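Participant: So the protein lines, in turn, are chains A and B. Residue 247 in UniProt numbering sits at position 247 of the first sequence, and the numbers go up by one each step. Residue 366 in UniProt numbering sits at position 366 of the second sequence, and the numbers go up by one each step. Okay, handing you the structure first.
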Amino acid sequence: DVLEAFWGDFRGGFGGGTEREILDLGGLHFAHVRHGGLFFGASTEGDASPFTIIEFLNRLVTLLRDFCGPLSEKSLGMNLALVGELLEELDFGHIQTTTPEVLRSLVQSEPEVPKPFSLLDLGSVGLFGAETQQSRVAPGAAAARPLPPARGDQPPRPELFVDVLERLSVVIAANGSPLKVEVQGEIRLKSFLPPGTELRIGLTEEFCVGKSELRGYGTPVRVDECSFHSSVSLAEFGSRRVLSLRPEPGEMTLMQYQVQDEIPAPLPFRLFPTARAQPPNRIHLYLKLRCDLPPKSQAINVCLQLPVPKGVSSLSQELSSPDQSAELDLGSRSIRWEIPKIQGGSQLSALFKLDLPSLGRAWRLELGPAHASFELPGLSCSGLRVRFLRLLPGTAPRWVRYRSCSQHYVLRL
Amino acid sequence: MPYLGGEEAQRELRRALSNPHVQADPARYRGAVLRVIRLMSQGADVSGLFPEMVKAGAVADVVQKKLVSFYVRAQAPRQPQLALLAVNSLRKDCAHPSPAVRGLALRTMCGLRMPGIQEYLQQPLVNGLRDKASYVRRVAVLGCAKMVKLQGDCEVDGALVNELYSLLRDQDPIVVVNCLRALEEILKKEGGVVINKPIAHHLLNRMPDLDQWGQSEVLTFLLRYKPRSEDELFDILNLLDGYLKSSSPSVVMAATKLFLVLAREYPDVQADVLVRVKGPLLSACTSESRELCFTALCHVRQILRSLPGHFSSHYKKFFCSYSEPHYIKCQKMEVLCELVNDENVQQVLEELKGYCTDVSEELAQGAIFAIANIARTYTEQCVGILTELLGLQQEHITSAVVRAFRDLAWLCPQCTDAVCQALPGCEDTIQDSEGKQALIWLLGTHGEKIPNAPYVLEDFVESVKSESFPAVKMELLTALLRLFLARPAECQDMLGRLLYYCIEEEQDMAVRDRGLFYYRLLQSGVEEVRRVLCSPKSDPSMGLLGDQSKQPVNAWASEFNTLATIYGRERWALATAQQPVEPSHSCPPCADSSSRDTESLVSEGNKEVPEVHPDTPMSEGNKELLKAHPDAGSLSLIPDVSLTAEQFEKTWLSLDTCCQLSLPWCGPVHADTIQTALRVVHIQTIAMSKAGAQPWKAYLSAQDDSGCLFLTELLLEAADSELQVSVKQNEAKPEALQSFISALRTVLEAVAGLES
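Structure representation (structure tokens):
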């Protein structure tokens, strides 16, 4: 049995780091992807294209999210009939179509969304800049609701969500000079508009592709590569940086872009460490973390992980403000310094005293590099902004959200 | 898992399903059906509800029909009699005015896995193929494949196949793709669907209508088509050019593969395509989906096998991120190793150095070996970093570093001095067998450069009683004897003690044998010992051989974008070996296989050259036997012939086999033993598969004093079979050949005899 074998492997080896995407189960190949604690798997005989399998599974996850709302074991269980219908239309392995609009006409079960027990909807916190007025803010979970069924009783509420998401990969050398700066960005669209509506998206006029292009008079927003969804018409892109399309209901990735080496704003964080050995068995570590964001912006959910030498047994700490916390994580042998919120332009400091059985010769080698993870709500590191969103015909609430987060932010000591 | 309370639940559901009040209320009726399905998905036995469920399928509600269809398909194989009940109502549904219902009924019928269903299926399927709704045609086309599969061995219906081929011209693009899929399955035995010129061009023209899944599948089918002329080939490539820029990675990869395979004879085109696929591959490598990232990394490594510098300018993309899982980090480190060049070596080493202190020991050791790998080219910098790591005094790190040093001393003799200076102090940290062996080997072989070598070995001798690994004791014996030759005064006493212990007290036979052997060897005089033990201390040529030389793109083009790339060749061979017979359709047309085989004769990635030291464990009898055998009188082989892998490959391909023989062989191959044994009679090993690989191969060379070369291939198809030996000679000398073969045979038989 494929599932049994998969679970056997999962319990047996995955923890030890031998996880594999594709398992070989006696001539049958089992591929899986992981999304928020759920596994989505496919099995194949013979020699299929791995890219197709993985891409399809990822697509399936998006589809399920479109149809069922936020995914969890519970919501999938509640929507068993709906999931079954969806898989049926994929005809058990021969992918027929993954277009939400077509599927919507074929799938008739209605989605059931599990009600969260908590009245406090935490999703609405932080997705938008703090200065936005409360009334203009859509609740955070609004975009996650499922698509209405095609033959619903009440006409669905038309709405459009555009997310500009950027992931930062940065390596900063010990002397503070950036070794690697990379931004992976994408514009994601979630549409609840009636089919056939035309959407025009205006991007920053100074948007340049490639190193040499120069446009507009302001600071150029430069990306090195960008690619668009096949349904986007680029007729006006060359002249006015306008994308037009007729969005399908549901989620889609409109555009992906990459920026390398140069970004207009300074890097969000710098770390100034001082480490001193206090023989015989103590290390004093003084960390200063500077946030170089513009003063009105902020970073949230900041977490700095700093590997420490083997054998460190206890930690005493002095942090600059009470909302921060720090602990010694023995599993990953590192200090976790958590800061819920940092305002742009501010500076935090922490003093850690590490006790260890004995100080080796090379303890400095084991200290660091530090890894930071954070979210920057309302900011796009590349400087890309959406100038306007126009619908034709009609109008509907439209939301643009910006968010940058760290994929890989390394500060070498 | 038995579902508790199943009986009770089933009884209650039956009552609900047959309750006329429930049946009258669509919502309640559907709810009851849904509960049955939910129970079924939890593993409960709900087979008793079959009649009620079939009845529930006869309502107007499509959702309920679908639910019943699930149930019927899951339960039909267990209750074929009752399933016939369902067939009747399904046949009725096949004539329903709504295409969705017609399609559903047809799909359900095709999914009933029970004998005898075919006779009921035939007519509805034929009708379905001609249905005016494309939705029904799609289902019917795939249904044909399912029906043929159910039939098993029967003759394939020619009329059906023709009908499907003609449906390739259907206006609905999904029907077209489904036809390809169905034909592929139906004609599996004959090698799958045939793509001739009209079909190929028809498909090419339909490509723009298809969605990404259809496109990538059609691109895969097109691999089978061979254009007749150069013009046609380039026309096709021009048509397909746009798909290299698709936003879907699966289409880009399928198109890339098609380009690589079609442009087999145009290396320029291939190179150009590989440049263009760089962008999509790199963005997949940095994708948020780690599964996609892993798949892309495997393909990057494949491309690097032919174009070593291809991604060098993007090396920063392969830096590991903290939160990534191990398997991705390991892949990235491998890629980084291969991207190193003069400009980026500093940064790459800096990055790898950071991984060496990772909390995961496996990863840390991986990083150390990666640095060691780079050290073959950039020796000085790497040895510096590795030495620095010794300062951490951590068991797993020191062990890995010393093992890396051993290989480096063997491959790059110029760094021996630096290595020797770094060694003192390591002995206290190392605990594992591999690390100890490496350290002892270094102390024994280069002991004259390490002032305190005898004292370190003495510590080992003192604690030999509590040593748990026999391999360490063997290594210790050899190392101490070697050191004794270099520094007799300091070693004599402890050598005596060690030999005494090994001969009198040791329980392990191999160690005791080795001890006895050395004891007797010592009796025959120091000169004799020197002759046996003082083999070379390094062999830089092996390092060059380990460097994979460039592989032609065509060697892997057919594996691109298949699971074989993900598994790696060896594991893929293992995985497919378990299958009875892989139908030939999965192999796209490629250059005739024999020429492909020879192209990758030596440089194939999975053949590793084991780094064997002249005195790896080998039992005493073995060596004596070999020594005792007089090298056939008329033949004397030159001890060190310097033949590189390239030269070997060239010569091998240009010569004809002049002698073939097969020797009985059972059990696995011990590469070290064979290699050592062959070395004794002056036969060099050029390349060898990993132990346990199937088929196992080895390439050997030897040269006699008149300059005549003997090239040999050893081939072991599977364990417990015969070893195939083929010999080639560059000058026709039958007598010398005979002597060579008899020498080779004696060695191999001796090794086989010892191992069985």
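For every residue, glycine included, the Cβ atom is placed at its ideal position computed from N, Cα and C. From a predicted model like this one, the values you see are computed outputs, not experimental measurements.
Excluding the 5 residues preceding and the 5 following residue 345(B) in the sequence, name in chain order all residues of the same chain whose CB lies nearer than 6 Å to its CB.
Facilitator: Against the second sequence, residue 345(B) aligns to sequence position 345. The residues are 378.
Participant: Could you check whether residue 40(A) and residue 60(A) sit closer than 8 Å to each other, using their CB atoms as the reference points?
Facilitator: By one-based count along the first sequence, residue 60(A) stands at place 60. By one-based count along the first sequence, residue 40(A) stands at place 40. Yes; because the gap between Cβ atoms is below 8 Å, this pair is in contact.
Participant: Could you say which of 701(B), 664(B), 705(B) and 208(B) lies nearest to residue 751(B) if we only look at CA atoms?
Facilitator: Here the question's residue 751(B) lines up with position 751 in the second sequence. Measuring C-alpha to C-alpha distances from residue 751(B) to each of 701(B), 664(B), 705(B) and 208(B) identifies 664(B) as the nearest.
Participant: Express the C-alpha separation of residue 273(B) and residue 398(A) in angstroms, rounding to a whole number.
Facilitator: Residue numbering aside, residue 398(A) sits at position 398 when the first sequence is read from its first letter. Residue numbering aside, residue 273(B) sits at position 273 when the second sequence is read from its first letter. Taking the straight line joining both Cα atoms gives about 41 Å.
Participant: Please return the same chain residues whose Cβ sits closer than 7 Å to the Cβ of residue 682(B), not counting the five positions on each side in sequence.
Facilitator: Translated into the one-based positions of the second sequence, residue 682(B) becomes position 682. Closer than 7 Å at Cβ, skipping near neighbours: 637, 638, 639 and 702.
Participant: Does the beta carbon of residue 403(A) come closer than 8 Å to any beta carbon on chain B?
Facilitator: Indexing the first sequence from 1 puts residue 403(A) at position 403. By this cut-off, residue 403(A) is not an interface position.
Participant: Determine, for residue 398(B), whether the minimum Cβ-Cβ distance to residues of chain A falls below 8 Å.
Facilitator: As a working mapping, residue 398(B) is identified with position 398 in the second sequence. For residue 398(B), the answer is no, since every Cβ of chain A falls outside 8 Å of its Cβ.
Participant: In whole angstroms, what is the alpha-carbon distance linking residue 618(B) and residue 564(B)?
Facilitator: Here residue 618(B) is taken as the residue at index 618 of the second sequence, counted from 1. Here residue 564(B) is taken as the residue at index 564 of the second sequence, counted from 1. Its pLDDT being 39, under 50, residue 618(B) is placed unreliably in this model, and the value from its coordinates should be taken loosely. Spanning the two alpha carbons is a distance of roughly 37 Å.
Participant: Whose C-beta lies closer than 7 Å to the C-beta of residue 406(B) among residues of the same chain, with five residues either side of it excluded?
Facilitator: Mapped onto the second sequence, residue 406(B) falls at position 406. Cβ-Cβ distances below 7 Å link residue 406(B) to 438, 441 and 442 in the same chain, with the five nearest sequence neighbours on each side left out; the list follows chain order.
Participant: Give the secondary structure of residue 109(A) by DSSP, where H, G and I count as helix, E and B as strand, and everything else as coil.
Facilitator: For the purposes of this step, residue 109(A) is taken as the residue at position 109 of the first sequence. DSSP places residue 109(A) in coil when its eight states are reduced to three.
Participant: Which runs of the beta strand (DSSP E) fall wholly inside the stretch 162 to 233 of chain A and span at least 3 residues, in chain order?
Facilitator: 178 to 191, 198 to 203, 207 to 209, 221 to 223 and 225 to 228
Participant: Which same chain residues, not among the five before or five after residue 288(A), have their C-beta less than 6 Å away from its C-beta?
Facilitator: Counting from 1 along the first sequence, the entry for residue 288(A) is found at position 288. Around residue 288(A): 272 and 349.
Participant: Can you list, in chain order, the stretches of the alpha helix (DSSP H) that have 4 or more residues and sit fully within the stretch 203 to 229 of chain B?
Facilitator: 212 to 222
Participant: For the alpha helix (DSSP H) that contains residue 301(B), what are its first and last residues?
Facilitator: Against the second sequence, residue 301(B) aligns to sequence position 301. Looking at the DSSP string, the run of the alpha helix (DSSP H) that includes residue 301(B) is 290 to 304.
Participant: For chain A, check one thing: does any of its Cβ atoms lie closer than 8 Å to the Cβ of residue 561(B)?
Facilitator: Here residue 561(B) corresponds to residue number 561 of the second sequence, with the count starting at 1. Taking Cβ atoms only, chain A reaches closer than 8 Å to residue 561(B), which makes this a yes.
Participant: How far does the beta strand (DSSP E) with residue 399(A) in it extend, from its first residue to its last?
Facilitator: As a first step, residue 399(A) is located in the first sequence; it is residue number 399 there, counting from the start. Taken as a continuous stretch (DSSP letters only), the beta strand (DSSP E) holding residue 399(A) covers 398 to 411.
Participant: For the stretch 217 to 247 of chain A, list every residue whose C-beta sits within 8 Å of some C-beta in chain C, in sequence order.
Facilitator: Any reference to chain C falls outside this structure, whose protein chains are A and B.
Participant: Can you have a look at residue 687(B) and say buried or exposed, based on whether 16 or more other CB atoms are within 10 angstroms of its CB?
Facilitator: Your numbering for residue 687(B) matches position 687 in the second sequence. So residue 687(B) counts as buried.
Participant: Using three-state DSSP, classify residue 251(A) as helix, strand or coil.
Facilitator: As a first step, residue 251(A) is located in the first sequence; it is residue number 251 there, counting from the start. If DSSP states are grouped into helix, strand and coil, residue 251(A) belongs with the strands.
Participant: Measure the alpha-carbon distance for residue 679(B) versus residue 216(B) and round it to whole angstroms.
Facilitator: In the second sequence, the residue the question calls residue 679(B) occupies position 679. In the second sequence, the residue the question calls residue 216(B) occupies position 216. Between residue 679(B) and residue 216(B), the C-alpha separation is close to 52 Å.
Participant: Report all residues from its chain with a CB closer than 7 Å to the CB of residue 767(B); omit the five preceding and five following residues, and keep chain order.
Facilitator: No statement about residue 767(B) is possible, as the shown extent of chain B runs from 1 to 756 and does not include it.
Participant: Could you please tell me which residues of the stretch 29 to 48 of chain A, in chain order, have their CB closer than 7 Å to any CB of chain B?
Facilitator: 29, 33, 46, 47 and 48
Participant: Quick one, which residues of the stretch 46 to 75 of chain A are near chain B if we go by CB-CB under 8 Å, in chain order?
Facilitator: 46, 47, 48, 49, 50, 51, 52, 54, 55, 56, 57 and 58
Participant: Within its chain, find whatever has a CB closer than 7 Å to the CB of residue 100(A); leave out the 5 residues flanking it on each side and keep chain order.
Facilitator: Residue 100(A) sits at position 100 when you count from the first residue of the first sequence. So the list reads 63, 66, 147, 248, 249 and 250, once near-sequence residues are dropped.
Participant: For residue 272(A), name the three-state secondary structure that DSSP assigns.
Facilitator: Position 272 of the first sequence, counted from the start, is the residue given in the question as residue 272(A). If DSSP states are grouped into helix, strand and coil, residue 272(A) belongs with the strands.
Participant: Whose Cβ in chain B lies nearer than 7 Å to the Cβ of residue 211(A)?
Facilitator: Here residue 211(A) is taken as the residue at index 211 of the first sequence, counted from 1. Simply none; closest approach about 14 Å.
Participant: By the DSSP assignment, the beta strand (DSSP E) with residue 314(B) in it spans what residues?
Facilitator: Stepping through the second sequence from its first residue, residue 314(B) is reached at position 314. From DSSP, residue 314(B) is part of no beta strand (DSSP E); its letter is neither H nor E.
Participant: Give me the chain B residues within the contact set of residue 362(A), using Cβ-Cβ distance strictly less than 9 Å, ordered along the chain.
Facilitator: The residue you call residue 362(A) lines up with position 362 of the first sequence. Going along chain B in sequence order, the residues near residue 362(A) (Cβ under 9 Å) are 388, 389, 390, 391, 392 and 393.
Participant: Pick from 426(B), 354(B), 224(B) and 231(B): whose alpha carbon is nearest that of residue 254(B)?
Facilitator: Counting from 1 along the second sequence, the entry for residue 254(B) is found at position 254. Nearest to residue 254(B) by alpha-carbon distance, out of 426(B), 354(B), 224(B) and 231(B), is 224(B).
Participant: Measuring straight from C-alpha to C-alpha, what distance separates residue 424(B) and residue 450(B)?
Facilitator: Along the second sequence, read from residue 1 onward, the residue named residue 424(B) stands at position 424. Along the second sequence, read from residue 1 onward, the residue named residue 450(B) stands at position 450. Rounded to the nearest angstrom, the two C-alpha atoms are 8 Å apart.
Participant: Do residue 188(A) and residue 253(A) have their CB atoms nearer than 8 Å?
Facilitator: Within the first sequence, the letter at position 188 stands for residue 188(A). Within the first sequence, the letter at position 253 stands for residue 253(A). Cβ distance < 8 Å, so residue 188(A) and residue 253(A) count as in contact.
Participant: Just to confirm, is the Cβ distance from residue 297(A) to residue 378(A) under 8 Å?
Facilitator: The residue given as residue 297(A) occupies position 297 in the first sequence. The residue given as residue 378(A) occupies position 378 in the first sequence. In contact: residue 297(A) and residue 378(A) (Cβ atoms closer than 8 Å).
Participant: Can you list, in chain order, the residues of its chain whose CB lies under 6 Å from that of residue 86(B), leaving out five sequence neighbours each side?
Facilitator: Numbered from its first residue, the second sequence carries residue 86(B) at position 86. Correct list, in chain order: 54 and 72.
Participant: Please report the residue range of the alpha helix (DSSP H) in which residue 385(B) lies.
Facilitator: As a position in the second sequence, residue 385(B) is number 385, starting the count at 1. Segment 379 to 390, the alpha helix (DSSP H) holding residue 385(B).
Participant: Using alpha carbons as the reference points, say which of 80(B), 82(B) and 69(B) lies closest to residue 101(B).
Facilitator: One-based indexing of the second sequence puts residue 101(B) at position 101. When only C-alpha atoms are compared, the closest one is 69(B).
Participant: Just to confirm the assignment, what range does the beta strand (DSSP E) spanning residue 371(A) have?
Facilitator: Along the first sequence, read from residue 1 onward, the residue named residue 371(A) stands at position 371. Element bounds for residue 371(A): 370 to 377.
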